[in-house]
Amino acid sequence: MLNRVILIGRLTKDPELRYTPAGVAVTQFTLAVDRPFTSQGGEREADFIPVVTWRQLAETCANYLRKGRLTAVEGRIQVRNYENNEGRRVYVTEVIADNVRFLESNREGGSGGGQGPREDSSLGGGSRGNNNYSRSNSNQDPFFDDGKPIDISDDDLPF
């Protein structure tokens, strides 16, 4: 069986960071994901999908994601239910993210504060590690200027 989802969309508002009574960080945000077609009126429609992140990933998302930022989310769909104050059963469908990728740099968002993860950086939870590089570390990242020619002599190539 497989329960895996990958979404690319824009945040509808800044993430909400909370902590459980046990002190575990949890962040909730909504991703607006365009549908691949237009309506009969020629307008583009979108789905608004709730996303939840936990622990370190939750704190990182709360610190660096902002309303309107283009973001990729990888995770699983979860359906939970609870009884509301009126005694009715309420069902909630959401994506539990274990990997979030920032697709736009902080420069475009114009936020003050420190240097966040670089454009297209991947943030994962659990054993996946944290692969974010800041712009100031560009001299340590051999793929910082990917897409540009690399100066390599024929003697350095193994073939």
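Residue numbers for the sequence shown follow the numbering used here, beginning at 662 and rising by one.
Where is the CB? At the ideal position from N, CA and C, for every residue including glycine.
Roughly how many whole angstroms lie between the Cα atoms of residue i and residue j?
i	j	result
F821	V687	Nothing can be reported for residue 821: it is not among the residues displayed for the chain, which extend from 662 to 820.
L718	V751	27 Å
G748	T691	26 Å
C722	V694	18 Å
Y743	V753	8 Å
R762	P676	15 Å
L764	R671	10 Å
T714	Q701	36 Å
N760	R741	21 Å
G729	S766	12 Å
Locate the alpha helix (DSSP H) running through residue i, then write down its first and last residues.
i	result
A723	R716 to Y725
For my contact list, residue i and residue j are in at a C-beta cut-off of 8 Å; report their separation, rounded to the angstrom.
i	j	result
R665	R737	6 Å
Q689	P711	7 Å
Along the chain, where does the beta strand (DSSP E) that runs through residue i open and close?
i	result
Q739	L731 to E744
T688	A686 to T699
G670	V666 to L672
T617	Look at the range of the chain in this structure, 662 to 820, and you will see that residue 617 is not part of it.
E677	E677 to Y680
Does the Cβ-Cβ distance between residue i and residue j come in under 8 Å?
i	j	result
L678	E720	yes
F709	T732	no
A707	V734	no
L668	V756	yes
Using a C-beta cutoff of 8 Å, does residue i count as contacting chain C?
i	result
V712	Annotation note: the requested chain C is absent from the structure, which comprises a single protein chain.
What does the Cβ neighbour count give for residue i, buried or exposed, with the cut at 16 atoms within 10 Å?
i	result
R696	exposed
Y725	buried
G771	Bear in mind that a pLDDT of 45 at G771, under 50, signals an unreliable position, so the number given afterwards is only what the model happens to contain. G771 is exposed by the Cβ-count criterion.
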